[in-house]
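Colleague: So the protein lines, in turn, are chains A and B. So the first sequence is numbered by this note's numbering: it starts at 11 and just counts up by one. So the second sequence is numbered by this note's numbering: it starts at 11 and just counts up by one. Quick one: structure below, then a few questions.
Protein chains: 2
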Amino acid sequence: MTPPVTTRATAPQILARCRALVRPALTQAVRRLHPWPAEMAAFSLGWSEVGGRPVPGPGGAGSHGKGVRQALTVLGAEAAGGSGADAVAGAVAVELIHTFSLLHDDIMDGDETRRQRPSVWKAYGTGPAVLAGDALFALAVEILADARNAHGGAAVRHLAGTLNDLVRGQAEDLLFEARPWTGPEAVSPGEYRAMAGHKTGALLGCAAGLGAVLAGAPAATADALTRAGRHLGVAFQAVDDVLGIWGDPRVTGKPVHGDLRRRKKTYPVLAAVSADGPGARELVALLASGDALDDADAGRAAALVEEAGGRRATLAEAHRHLDRARDCLESVPLEPAAVGDLLTLAPFLVDRAV
Amino acid sequence: MTPPVTTRATAPQILARCRALVRPALTQAVRRLHPWPAEMAAFSLGWSEVGGRPVPGPGGAGSHGKGVRQALTVLGAEAAGGSGADAVAGAVAVELIHTFSLLHDDIMDGDETRRQRPSVWKAYGTGPAVLAGDALFALAVEILADARNAHGGAAVRHLAGTLNDLVRGQAEDLLFEARPWTGPEAVSPGEYRAMAGHKTGALLGCAAGLGAVLAGAPAATADALTRAGRHLGVAFQAVDDVLGIWGDPRVTGKPVHGDLRRRKKTYPVLAAVSADGPGARELVALLASGDALDDADAGRAAALVEEAGGRRATLAEAHRHLDRARDCLESVPLEPAAVGDLLTLAPFLVDRAV
Numbered sequence: 011m012t013p014p015v016t017t018r019a020t021a022p023q024i025l026a027r028c029r030a031l032v033r034p035a036l037t038q039a040v041r042r043l044h045p046w047p048a049e050m051a052a053f054s055l056g057w058s059e060v061g062g063r064p065v066p067g068p069g070g071a072g073s074h075g076k077g078v079r080q081a082l083t084v085l086g087a088e089a090a091g092g093s094g095a096d097a098v099a100g101a102v103a104v105e106l107i108h109t110f111s112l113l114h115d116d117i118m119d120g121d122e123t124r125r126q127r128p129s130v131w132k133a134y135g136t137g138p139a140v141l142a143g144d145a146l147f148a149l150a151v152e153i154l155a156d157a158r159n160a161h162g163g164a165a166v167r168h169l170a171g172t173l174n175d176l177v178r179g180q181a182e183d184l185l186f187e188a189r190p191w192t193g194p195e196a197v198s199p200g201e202y203r204a205m206a207g208h209k210t211g212a213l214l215g216c217a218a219g220l221g222a223v224l225a226g227a228p229a230a231t232a233d234a235l236t237r238a239g240r241h242l243g244v245a246f247q248a249v250d251d252v253l254g255i256w257g258d259p260r261v262t263g264k265p266v267h268g269d270l271r272r273r274k275k276t277y278p279v280l281a282a283v284s285a286d287g288p289g290a291r292e293l294v295a296l297l298a299s300g301d302a303l304d305d306a307d308a309g310r311a312a313a314l315v316e317e318a319g320g321r322r323a324t325l326a327e328a329h330r331h332l333d334r335a336r337d338c339l340e341s342v343p344l345e346p347a348a349v350g351d352l353l354t355l356a357p358f359l360v361d362r363a364v
Numbered sequence: 011m012t013p014p015v016t017t018r019a020t021a022p023q024i025l026a027r028c029r030a031l032v033r034p035a036l037t038q039a040v041r042r043l044h045p046w047p048a049e050m051a052a053f054s055l056g057w058s059e060v061g062g063r064p065v066p067g068p069g070g071a072g073s074h075g076k077g078v079r080q081a082l083t084v085l086g087a088e089a090a091g092g093s094g095a096d097a098v099a100g101a102v103a104v105e106l107i108h109t110f111s112l113l114h115d116d117i118m119d120g121d122e123t124r125r126q127r128p129s130v131w132k133a134y135g136t137g138p139a140v141l142a143g144d145a146l147f148a149l150a151v152e153i154l155a156d157a158r159n160a161h162g163g164a165a166v167r168h169l170a171g172t173l174n175d176l177v178r179g180q181a182e183d184l185l186f187e188a189r190p191w192t193g194p195e196a197v198s199p200g201e202y203r204a205m206a207g208h209k210t211g212a213l214l215g216c217a218a219g220l221g222a223v224l225a226g227a228p229a230a231t232a233d234a235l236t237r238a239g240r241h242l243g244v245a246f247q248a249v250d251d252v253l254g255i256w257g258d259p260r261v262t263g264k265p266v267h268g269d270l271r272r273r274k275k276t277y278p279v280l281a282a283v284s285a286d287g288p289g290a291r292e293l294v295a296l297l298a299s300g301d302a303l304d305d306a307d308a309g310r311a312a313a314l315v316e317e318a319g320g321r322r323a324t325l326a327e328a329h330r331h332l333d334r335a336r337d338c339l340e341s342v343p344l345e346p347a348a349v350g351d352l353l354t355l356a357p358f359l360v361d362r363a364v
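Okay, structure coming up:
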């Protein structure tokens, strides 16, 4: 007997399918805002320019970003035996929360650009950007609370815990900046991992689990999907850290060696420093000096991180979390087609442009 | 037959009773935060100094602010036939949301002091203050979503709509600043009233209604209490506007004529300007000039607002809303003792120090 031939969708196709399912509700949600925060939200989502003029072409029609979180929510619902339609309110809520967090994080981190455009605070001012973030946060809670879904209450509880994790992760990340590179007060790779779990893992975990919750899945199923999403989020963050140093600026939209110039305590750098060889010591001397890092310094720092094994360790970390995400998906009975999509998506997210 | 002698509690006693009921849960809630936003929250609530040292004496033991919102939630539950204990999670949530909104509004408005101390962004920096506000917002949603109450889902829905009104009111208020004092683009008293309804009315309305929702009251009861709270909120804002011009700095903690120096478009000023007499024209000339207002200018502007009837109109507006709040409380059957407390509290809030 020959097994049935299945044409498996590619990761970009899966993401596009989920975006198409969610986009009308997301557009409608943003329209509920006061026109001013709505304009800032549309700018932040890549739908419009400063001033509100729509972005023409596929950028405007699609959106910035791949829509990873909304896809996880849709696939989470499908994996739990529901339909993607069950998950739409949840998918909208997680995209709104993601946009809120980018907006406020850019203020806190002083990041002037995002996706090759000015960040919202740079384009509209700090006060308005605070307001737009608050508006998106409030809207996310309202969309989920008002969802016509028998499991809306559980869904709001699921989201609420995540919101607190997100804030905790951002607090940890900001506090890392003031800590030294070496000695007992240095940030350990373990502390970094916990921060990434809160800052990035929590929302991806929430996204996947929320789909299951909205589909009325048993707690064990929602829990397994939440854990899978969380591991995927930590893997995603690790890859982001690699791209923040070695990524192609044309692809990442960030300056080359940007995270090193900002002396950001990312996983590759912390792993390299904790290796404690001569390269690590030269790296610490560079990073701990008060001087601005010029192109040559930043390039040298990147080479030192690589030589000390920081890049290798980070990618190994990403793949470890990817494996754990797979284990979580195998730990409970789920719909095979949706699991197939999740297993297609996961390595795509981790192997992007590295 | 002689009616039974009832000793009615005074407004300060009512507020103190409600604060005592809510305070343990509020303290416990703030402890759930990451230590850094928790410290900023405690500072903002008047419990501690910058650095975390507890404020000694009644200020620290009590808190800054009267706790009007938490009292409305407790009394809302009691008025609907429930117990104050039913309302505690809701009272905590509204106090957290109130603190969040003060924190973020001070950033947006550039206000450097609050209650005679530095505002949080001034004391801790803008980025950390954004974070602390987000943390309080997230915590409020979590506290209410996790409340062991059969009506928790309805309570979250009730709060979610309010959050959007709050943001809308802040957007309207910020946009007023850029508009002219006269002509077709001028802010009308009606627009100001709508803004105050969102910015201040919504949360006081939510507070009173939330108590009823958590007590399992019928929709009409919760709705009447929500409307009563909203009118009280607009009255409260009107009185705040009067205090922002004529209030005693030792009582208000704000500089004398502060709102005039900042050229804030408040109800007394808008009412005076719309009166359109010679005094109003002199007032517009003062306010529309680009020059900084010195003590003499600010004093003259205050006198002109008063002469043009701005103060009188604002207090009349406050009393109109107070009457409507009373009407709302009489529109449905409620527990007389709690209504008595609400009727004691309402004029106390409106007549404070005017």
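C-beta: ideal position from N, C-alpha, C; glycine also. No experiment lies behind these values; they were computed from the predicted model shown.
#1: Does the beta-carbon of E187 (chain B) have 16 or more other beta-carbons within 10 angstroms, so that it is buried, or is it exposed?
#2: Give, in chain order, every residue of the region 127-150 of chain A whose Cβ lies closer than 8 Å to some Cβ of chain B.
#3: Any Cβ of chain B within less than 7 Å of the Cβ of G226 (chain A)?
#4: For T123 (chain B), which beta-bridge partners are listed by DSSP?
#5: Quick one: which chain B residues come within Cβ less than 8 Å of V166 (chain A)?
#6: If we call anything under 7 Å between Cβ atoms a contact, is A218 (chain A) one with G239 (chain A)?
#7: Residues of chain B with CB closer than 8 Å to the CB of H44 (chain A), please, in chain order.
#8: By the 7 Å beta-carbon criterion, what residues does the region 89-115 of chain B contribute toward chain A?
#9: Which residues in the same chain have their Cβ closer than 6 Å to the Cβ of A83 (chain A), if we skip the five residues on either side of it in sequence?
#10: Excluding the 5 residues preceding and the 5 following A157 (chain B) in the sequence, name in chain order all residues of the same chain whose CB lies nearer than 8 Å to its CB.
#11: Identify which residue in A:R310, A:R178 and A:Q126 has its Cα closest to the Cα of L146 (chain B).
#12: With respect to the alpha helix (DSSP H) encompassing G56 (chain A), which residues constitute its N-terminal and C-terminal limits?
#13: My output table needs one value for P64 (chain B): the three-state DSSP class, helix, strand or coil.
#14: So that I know if they touch, is there some Cβ in chain A lying closer than 7 Å to that of M205 (chain B)?
#15: Classify E122 (chain A): buried if its beta carbon has 16 or more other beta carbons within 10 angstroms, exposed otherwise.
#16: Is A318 (chain B) close to chain A? Criterion is C-beta to C-beta, closer than 7 Å.
#17: Any C-beta of chain B within less than 7 Å: which residues of the region 279-291 of chain A qualify?
#18: Taking C-beta pairs closer than 8 Å, name the residues in chain B that N367 (chain A) reaches, listed in chain order.
#19: Going by other Cβ atoms of all chains shown within 10 Å of its Cβ, with 16 needed for buried, is P190 (chain B) buried or exposed?
#20: Determine whether the Cβ of M118 (chain B) lies closer than 7 Å to any Cβ atom of chain A.
#21: Answer with yes or no whether the minimum CB distance from P259 (chain A) to chain B is below 7 Å.
#22: Among A:V197, A:G94 and A:K209, which residue has its Cα nearest to the Cα of S111 (chain A)?
#23: Just verifying my parser: in three-state terms, what is the DSSP assignment at A227 (chain A)?
#24: In three-state DSSP terms, what is W256 (chain A)?
#25: Locate the alpha helix (DSSP H) running through D307 (chain B), then write down its first and last residues.
#26: Keeping to the same chain, check which residues put their C-beta closer than 6 Å to that of H371 (chain A); ignore five residues upstream and five downstream.
#27: Just the Cα atoms here: how many angstroms apart are A356 (chain B) and L325 (chain B)?
#28: Would you call the CB atoms of G163 (chain A) and G163 (chain B) closer than 7 Å?
#29: By Cβ distance, which residues of its chain are closer than 7 Å to L293 (chain B), with the 5 residues on each side in sequence left out?
#30: Tell whether a beta-carbon distance below 7 Å holds between A212 (chain B) and L185 (chain B).
#31: Classify T236 (chain B) as buried or exposed, calling it buried when 16 or more other Cβ atoms lie within 10 Å of its own Cβ.
#32: Since H161 (chain B) and G226 (chain B) are thought to touch, with beta carbons under 8 Å apart, how far apart are those beta carbons, to the nearest angstrom?
#33: Below 8 Å CB to CB, which residues in the same chain sit around T136 (chain B) once its five sequence neighbours on both sides are set aside?
#34: Helix, strand or coil for P190 (chain B) per DSSP?
#35: With H, G and I counted as helix, E and B as strand and the rest as coil, what does DSSP make of S284 (chain B)?
#36: Where does L344 (chain B) sit, in a helix, a strand or coil, going by DSSP?
Modeller: Reading from the atomic positions:
#1: Here the question's residue 187 (chain B) lines up with position 177 in the second sequence. It is exposed - the Cβ of E187 (chain B) has fewer than 16 other Cβ atoms within 10 Å.
#2: Those would be T136, G137, P138, V140, L141, G143, D144, A145, F147, A148 and L149, in chain order.
#3: On the first sequence, residue 226 (chain A) is found 216 positions in, with the first residue counted as 1. No, no contact with chain B.
#4: For this step, residue 123 (chain B) is matched to residue 113 along the second sequence. Note: T123 (chain B) is bridge-paired with B:P128 in the DSSP secondary-structure output.
#5: Locating residue 166 (chain A) in the first sequence gives position 156, counting from the first residue. Taking a Cβ-Cβ threshold of 8 Å, the residues of chain B close to V166 (chain A) are V151, A155, G163 and V166, in chain order.
#6: In the first sequence, the residue the question calls residue 218 (chain A) occupies position 208. In the first sequence, the residue the question calls residue 239 (chain A) occupies position 229. Judged by their CB atoms, A218 (chain A) and G239 (chain A) are nearer to each other than the 7 Å cut-off.
#7: Your numbering for residue 44 (chain A) matches position 34 in the first sequence. Those within 8 Å of H44 (chain A) in chain B are V177, R178, A181 and E182.
#8: With the criterion set as a beta carbon lying under 7 Å from some beta carbon of chain A, the members of the region 89-115 of chain B are H114, in sequence order.
#9: As a first step, residue 83 (chain A) must be located in the first sequence, where it is residue number 73. First, the amino acid is wrong: residue 83 (chain A) is Thr here, not Ala. Excluding residues within five positions, the ones whose Cβ falls inside 6 Å are A97, G100, A101, V104, A217, L220 and G221.
#10: Within the second sequence, numbered from 1, the residue matching residue 157 (chain B) stands at position 147. Taking A157 (chain B) as the centre and dropping the five residues before and after it, the same chain places the C-beta of A99, G100, A165 and L224 closer than 8 Å to its C-beta, in chain order.
#11: Mapped onto the second sequence, residue 146 (chain B) falls at position 136. When A:R310, A:R178 and A:Q126 are compared, the shortest CA-CA separation from L146 (chain B) is found for A:R178.
#12: Here residue 56 (chain A) corresponds to residue number 46 of the first sequence, with the count starting at 1. DSSP places G56 (chain A) outside any alpha helix (DSSP H), giving it a letter other than H or E.
#13: Residue numbering aside, residue 64 (chain B) sits at position 54 when the second sequence is read from its first letter. Three-state result, P64 (chain B): strand.
#14: Within the second sequence, the letter at position 195 stands for residue 205 (chain B). It does not: the Cβ of M205 (chain B) has no partner Cβ on chain A nearer than 7 Å.
#15: Walking along the first sequence from the start, residue 122 (chain A) turns up at place 112. Under this definition E122 (chain A) is an exposed residue.
#16: Numbered from its first residue, the second sequence carries residue 318 (chain B) at position 308. Output row for A318 (chain B): interface = no.
#17: Those residues of the region 279-291 of chain A that come within reach of chain B (Cβ to Cβ, closer than 7 Å) do not exist; the list is empty.
#18: Absent from the model: residue 367 (chain A). The displayed extent of chain A is 11 to 364, so no value can be given.
#19: The residue given as residue 190 (chain B) occupies position 180 in the second sequence. Label assigned to P190 (chain B): exposed.
#20: Here the question's residue 118 (chain B) lines up with position 108 in the second sequence. It does; some Cβ of chain A falls within 7 Å.
#21: Translated into positions along the first sequence, residue 259 (chain A) becomes position 249. Interface annotation, P259 (chain A): not in contact with chain B, CB-CB separation never under 7 Å.
#22: Sequence index remark: in the first sequence, residue 111 (chain A) carries index 101 (1-based). Checked all of A:V197, A:G94 and A:K209; the closest Cα to S111 (chain A) is A:K209.
#23: Position 217 of the first sequence, counted from the start, is the residue given in the question as residue 227 (chain A). Reduced to three states, the DSSP call for A227 (chain A) is coil.
#24: Translated into positions along the first sequence, residue 256 (chain A) becomes position 246. Looking at W256 (chain A) - three-state DSSP - the assignment turns out to be helix.
#25: For the purposes of this step, residue 307 (chain B) is identified with residue 297 of the second sequence, where counting begins at 1. Run containing D307 (chain B): D305 to E317, per the alpha helix (DSSP H) assignment.
#26: As shown, chain A starts at 11 and ends at 364. That puts residue 371 (chain A) outside it, with no answer to give.
#27: Along the second sequence, one-based indexing puts residue 356 (chain B) at 346. Along the second sequence, one-based indexing puts residue 325 (chain B) at 315. C-alpha of A356 (chain B) to C-alpha of L325 (chain B): approximately 14 Å in a straight line.
#28: Sequence index remark: in the first sequence, residue 163 (chain A) carries index 153 (1-based). Sequence index remark: in the second sequence, residue 163 (chain B) carries index 153 (1-based). In this structure, G163 (chain B) lies closer than 7 Å to G163 (chain A) by Cβ.
#29: One-based indexing of the second sequence puts residue 293 (chain B) at position 283. Around L293 (chain B): A282, V283, A311, L314, V315 and A318.
#30: As a first step, residue 212 (chain B) is located in the second sequence; it is residue number 202 there, counting from the start. As a first step, residue 185 (chain B) is located in the second sequence; it is residue number 175 there, counting from the start. The answer is no: Cβ separation not under 7 Å.
#31: Residue 236 (chain B) sits at position 226 when you count from the first residue of the second sequence. Label assigned to T236 (chain B): buried.
#32: Residue numbering aside, residue 161 (chain B) sits at position 151 when the second sequence is read from its first letter. Residue numbering aside, residue 226 (chain B) sits at position 216 when the second sequence is read from its first letter. Under the criterion of beta carbons closer than 8 Å, H161 (chain B) and G226 (chain B) qualify as touching, at roughly 5 Å.
#33: Mapped onto the second sequence, residue 136 (chain B) falls at position 126. Exclusion of the five residues before and after T136 (chain B) leaves I117 as the residues of its chain whose Cβ lies within less than 8 Å of its Cβ.
#34: As a working note, residue 190 (chain B) is residue 180 in the second sequence. Correct three-state label for P190 (chain B): coil.
#35: Position 274 of the second sequence, counting from 1, holds the residue named residue 284 (chain B). Correct three-state label for S284 (chain B): helix.
#36: The residue labelled residue 344 (chain B) in the question sits at position 334 within the second sequence. Coil at L344 (chain B), not helix or strand.
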